[in-house]
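Enquirer:
Number of protein chains: 2
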Amino acid sequence: MAATGRLERVMPIGALAERTGVKVETIRYYEQVGLLPPPERSEGNQRRYGRRHAERLAFIKHARDLGFAVDAIRTLLRLSDTPGIACDEAHAISVAHLGEVRDKIARLRSLERELERIATTCSGGVAACDCAIIEALADHGQCNHDHH
Amino acid sequence: MAATGRLERVMPIGALAERTGVKVETIRYYEQVGLLPPPERSEGNQRRYGRRHAERLAFIKHARDLGFAVDAIRTLLRLSDTPGIACDEAHAISVAHLGEVRDKIARLRSLERELERIATTCSGGVAACDCAIIEALADHGQCNHDHH
DNA sequence: TCTATGGCTATAGTGACTATAGCTTTATGG
DNA sequence: CCATAAAGCTATAGTCACTATAGCCATAGA
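Which chain is which? The protein sequence lines are Z and H, in order.
Per numbering that gives the first Met the number 0, residue 0 is the first one in the first sequence, and the count goes up by one each step.
Per numbering that gives the first Met the number 0, residue 0 is the first one in the second sequence, and the count goes up by one each step.
1. Once you ignore the five residues that flank isoleucine 92(Z) on each side, which residues in its own chain have a CB closer than 6 Å to its CB?
2. Taking 8 Å as the threshold, find out whether the stretch 99 to 106 of chain H comes into contact with the stretch 15 to 30 of chain Z through three or more Cβ pairs.
3. Serine 79(Z): buried (16+ other C-beta within 10 angstroms of its C-beta) or exposed?
4. Can you tell me where the alpha helix (DSSP H) with lysine 60(Z) in it begins and where it stops?
5. Taking the C-alpha atoms as reference points, what is the distance between alanine 126(Z) and cysteine 86(H)?
6. Taking all protein chains shown into account, decide if arginine 46(Z) is buried (16 or more other Cβ within 10 angstroms of its Cβ) or exposed.
7. List the endpoints of the continuous alpha helix (DSSP H) containing glutamine 31(H).
8. Give the straight-line distance between the Cα atoms of histidine 52(H) and isoleucine 26(H), rounded to the nearest whole angstrom.
9. So with Cβ pairs under 8 Å, would you call glycine 66(Z) a contact of chain H?
10. Identify the continuous alpha helix (DSSP H) that holds histidine 79(Z) and give its terminal residues.
11. Given leucine 34(Z), which residues of its chain have a CB within under 6 Å of its CB, disregarding the five upstream and five downstream residues?
12. In whole angstroms, give me the CA-to-CA distance for valine 69(Z) and histidine 61(Z).
13. Compare the C-beta of leucine 56(Z) with all C-beta atoms of chain H and state if any pair is closer than 8 Å.
14. Is it true that the CB of valine 9(H) sits closer than 8 Å to the CB of glycine 66(H)?
15. Per DSSP, arginine 47(H) forms a beta bridge with which residues?
16. What's the C-alpha gap between alanine 16(Z) and proline 36(Z)?
17. Against chain H, which members of the stretch 101 to 124 of chain Z pass a CB distance test of less than 7 Å?
18. Report the neighbours of histidine 96(Z) on chain H: residues whose CB is nearer than 8 Å to its CB, in chain order.
19. Measuring CA to CA, which of Asp64(Z), Leu76(Z), Ala14(Z) and Glu115(Z) is closest to glutamate 111(H)?
20. Would you say serine 93(H) faces chain Z, with C-beta separation under 8 Å as the test?
Structure representation (structure tokens):
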């Protein structure tokens, strides 16, 4: 008895992992650090997940893929559980993160340019070279680039 | 006696740190992991560095600033100690690293675009919003972007 | 000689997982 | 109905490249 609905949506951790693309160990880790609430357990103490967990984990994965820190995600999740005034804070978090991403892009671009310079100075195989790459690394003065 | 030259170039770890912009703790860490050879010690067991160490540390710092992994730097340093055939391998390392940097830039650009979309959908403060940012994170289907 | 500053070692903490060891549970086929 | 293989469990340690702490010792300048 106690009919559980037409479709049994409950699944073990491996199925959730496969469905969301998050590794089993990582799911357990997210539970441990309080991102994912502890699910029900089977008689034999194994985790059993439902649709809600799958959705929450998808949220977490998406945010992590976007580079949000676990701590920021904790806040975003809290906001998503409190639909009222969520917007302002969520907006601030995204904007701050966007700023960080843009910073990182700018820094990587400047590294790209210097690496290009370094890597093309000596194209390898040349006997007379001893070695431009290593010299470039040794002598920062050659580079007009401020790694801050 | 035992004249040490016109100029005493020997310095303690703090001076080396200041000169190179690498923190004291990080210098000791580099020694521990075998990037920087153990220097001479004073009577009282304090590290005393010379020009060679400063140069090697500058090499390490520059390479780290460029995003080379400590392991890659170990190889580059080995190559720079073996001037003969160094070039090919150094070139390969730089080119591989340049590839990684370009990958990272591409991924960050696509994140930038999605974050822009997310952050501008709801500009904050709007009462009717509940909340576009959080919905965007919850529903990956909205995003035409493949985080791989 | 006193003292402020700096240096020493050893150990633990960071973030976000990942891996391992040594068990127990569950699903499936005979 | 039971054996077995696959999957799950906990607890702990390892990863990378540092960073921080505690508690002690050395050095330089007044």
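Just so it is clear, CB atoms sit at the ideal spot from N, CA and C, and this is done for glycine as well.
Expert: Here's the rundown:
1. Result list for isoleucine 92(Z): Ala71, in chain order.
2. no
3. buried
4. Per DSSP, lysine 60(Z) is one residue of the alpha helix (DSSP H) stretching across 50 to 64.
5. Residue confidence for alanine 126(Z) is low, a pLDDT of 44 falling below 50, so the modelled location carries little weight; the figure read from the coordinates is stated next. One C-alpha to the other measures close to 9 Å.
6. Buried.
7. That run of the alpha helix (DSSP H) goes 23 to 31.
8. Looking at the two C-alpha atoms, the distance is approximately 10 Å.
9. yes
10. A quick correction: the sequence has serine, not histidine, at residue 79(Z). Where serine 79(Z) is concerned, the enclosing alpha helix (DSSP H) stretches over 69 to 80.
11. Ile59
12. 12 Å
13. no
14. no
15. Glu39(H)
16. 15 Å
17. Arg101, Lys103, Ile104, Leu107, Arg108, Leu110, Glu111, Glu113, Leu114, Glu115, Ile117, Ala118, Cys121, Ser122, Gly123 and Gly124
18. Neighbours of histidine 96(Z) on chain H, chain order: Leu114.
19. Asp64(Z)
20. yes
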